[in-house]
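>
Numbering (my numbering), first residue to last: 1 to 471.
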């Protein structure tokens, strides 16, 4: 398409025409941004009929509602155009996840400031934008501080409001909720009665006991009892610093159904993403750096710590006592947040911010809690629950469950032989993981030798010889 001349070179008639078009666009924008919110105050969380979530981030209709300044939006646009060269206005809005009506106002101002020009026209009264030399130089200066040009960040104030609205302390799981969460596990009624109040508290607990009895499996499923979904911002903006919060490795996206209508009537702020309530598991690889805001010095982009990513969900410290970070360091770091329900983080610019500490923290360990931590810390973890060995009946029931799941015909005589010869006669303890592990060995043996998959005493003898060889 031929290049569109700048407004500076238009004739008087064409200039008047462009001025009239701008006035019409401004009037349409004002009409579509009319709100009933008093004083146009920021408030990303609202209630909308027809959406399964009670709380959701509503689409901003003014720049003030986003918590951003024109300079913030300008910096994102400049860095995006520096990376992509020519870009259509609506693609810019879609990339930084702001309504086009707001982005268009900034683009218009940037053109008047000679930071960009119209490269060509585009459908629906849009244009293809290109940086000028002045705009390119300013974009480079912005990139030297931070290369981020993704989704526009959400303000810390709005994020805190969202955590308050979706807090675990507002959820009160019932026995039915727990039974649903643990439906694929065998949890004795007595154990369920002990877990229920601990989960309901939304605070913290120790799960301890011998290895192989399902501590990690229980911890992984606790979050299900609190409800399925929450909203989290893709990124936070605090005093010019960008902190990435949404993490595809730890967050499972759960988008709403696509709107097939011509216009999206949901009016949801695209800077937020709907995810399953997070369950983040940190094992022996946990370090102190994972608990602080980390800065990538080459990009200038910061990453949120684990406890911030797990807000409104569950954070599991697996194999507690075997982390790369010392126990004393971890306890000193969290002793106040566990009691006060808020944390303090240091930003790369030296500023300290207060953030919510709103998750159920589960310490899973094979060791005795009193041998690991002092009384002051134990007091802040109100629930200590021992996951005990299964009884004889529960052990047999586990075999039946796992046989059904692995599609192995259950044979009670073979299981009786296993328990009598390889457990009772040698004084071996029962563990919850052993039915699954032994059945897998039997199944693999049958598949390798090309024989029907079934339970036989001799198959159990072979499985026990390899499974308990050094145990």
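Yeah, the Cβ is synthetic: ideal placement off N, Cα and C, and Gly gets one too.
Please report the straight-line C-alpha distance between residue 414 and residue 455, rounded to a whole angstrom.
Near 6 Å, if we compare the C-alpha coordinates of residue 455 and residue 414.
> Ordered along the chain, which non-local residues of its own chain (more than five positions away) have a Cβ less than 7 Å from that of residue 143?
Excluding residues within five positions, the ones whose Cβ falls inside 7 Å are 79, 82.
> Pull up the CB-CB distance for residue 151 and residue 271, whole angstroms please, since I reckon it's below 8 Å.
Going by Cβ atoms, the distance from residue 151 to residue 271 rounds to 5 Å, so yes, they are a contact pair.
> Please work out which residues of its chain come closer than 8 Å, Cβ to Cβ, to residue 213, disregarding the five sequence neighbours upstream and downstream, and give them in chain order.
387, 388, 389, 390, 431, 432, 433, listed in sequence order.
> From 298, 337, 385, pick the residue whose C-alpha is nearest to that of residue 191; which is it?
It is 385 whose Cα lies nearest to the Cα of residue 191.
> From the DSSP secondary-structure annotation, give me the bridge partner or partners of residue 346.
In DSSP, residue 346 forms a bridge with 352.
> Would a C-beta distance cut-off of 8 Å place residue 347 and residue 293 closer than the cut-off?
A contact, by the Cβ cut-off of 8 Å.
> Would you identify the three-state DSSP class for residue 83, choosing helix, strand or coil?
Of the three classes helix, strand and coil, the one that applies to residue 83 here is helix, per DSSP.
> What does residue 130 pair with, by DSSP beta-bridge criteria?
Per DSSP, 117.
> Between which residues of its own chain and residue 380 is the CB-CB distance below 6 Å, once the five residues before and five after are set aside?
Counting only Cβ-Cβ distances below 6 Å, and skipping sequence neighbours, we find 338, 339.
> Leaving out five residues on either side along the sequence, give the residues of the same chain with a beta carbon under 7 Å from the beta carbon of residue 97.
Same-chain partners within the cutoff: 151, 152, 270, 271.
> Between which residues of its own chain and residue 304 is the CB-CB distance below 8 Å, once the five residues before and five after are set aside?
Result list for residue 304: 236, 243, 244, 245, 247, 293, in chain order.
> Using DSSP's beta-bridge definition, name the partner residues of residue 296.
Looking at the DSSP assignment, residue 296 forms a beta bridge with 301.
> Is residue 235 helix, strand or coil by DSSP?
DSSP places residue 235 in strand when its eight states are reduced to three.
> For the alpha helix (DSSP H) containing residue 182, list its first residue and its last residue.
No alpha helix (DSSP H) contains residue 182, which DSSP labels as neither H nor E.
> Rounded to whole angstroms, what is the Cα-Cα separation between residue 45 and residue 161?
With a pLDDT of 48 at residue 45, under the threshold of 50, the predicted position of this residue should be treated as unreliable, and no value is reported.
> For residue 87, count neighbouring C-beta atoms within 10 Å of its own C-beta (all shown protein chains included) and say buried if the count is 16 or more, exposed if not.
Label assigned to residue 87: buried.
> Cα separation between residue 201 and residue 184?
If you take the alpha carbons of residue 201 and residue 184, they lie about 23 Å apart.
> Per DSSP, residue 92 forms a beta bridge with which residues?
Bridge partners of residue 92: none, in fact.
> Looking at the unbroken beta strand (DSSP E) that takes in residue 364, where does it start and where does it end?
Run containing residue 364: 360-365, per the beta strand (DSSP E) assignment.
> Which whole runs of the alpha helix (DSSP H) in the region 434-469 are 4 residues long or more, in chain order?
Complete alpha helix (DSSP H) runs here, min 4: 434-449, 457-467.
> According to DSSP, is residue 112 part of a helix, a strand, or is it coil?
Residue state, collapsed to three classes: helix.
> Hey, residue 180 and residue 224 are a contact pair by Cβ (cut 8 Å); roughly how many whole angstroms apart?
Between residue 224 and residue 180 the Cβ distance is about 7 Å, and since that is below 8 Å, they are a contact.
> Between 344, 290, 463, 121, which lies nearest to residue 156 when the distance is taken from Cα to Cα?
Per the Cα distances, 344.
> Please confirm whether residue 107 and residue 134 have their CB atoms less than 8 Å apart.
No, the pair does not count as a contact, with Cβ atoms beyond the cut-off.
> Return the first residue and the last residue of the alpha helix (DSSP H) that residue 341 is part of.
That residue, residue 341, is in no alpha helix (DSSP H); it is neither H nor E in DSSP.
> Whose CA, out of 349, 408, 399, lies closest to the CA of residue 419?
When only C-alpha atoms are compared, the closest one is 399.
> By how many angstroms is the C-alpha of residue 459 removed from the C-alpha of residue 395?
Cα to Cα, residue 395 sits roughly 18 Å from residue 459.
> Short check: CB of residue 229 to CB of residue 267, under 8 Å?
For residue 229 and residue 267, no; Cβs fall outside 8 Å.
> Going by Cα to Cα distance, which pick from 199, 428, 122, 353 is closest to residue 227?
Closest option to residue 227, Cα to Cα, is 199.
> Roughly how many angstroms lie between the CA atoms of residue 318 and residue 421, to the nearest whole one?
Using only the alpha carbons, I get a separation of about 33 Å.
> For residue 274, which three-state DSSP category applies?
Three-state result, residue 274: strand.
> Any contact of the region 317-336 with the region 283-302, i.e. 3+ C-beta pairs under 8 Å?
Yes, they touch.
> Three-state secondary structure (DSSP) at residue 308?
Looking at residue 308 - three-state DSSP - the assignment turns out to be helix.
> Could you name the residues that DSSP lists as bridge partners for residue 241?
The partner list for residue 241 (beta bridge, DSSP) reads 238.
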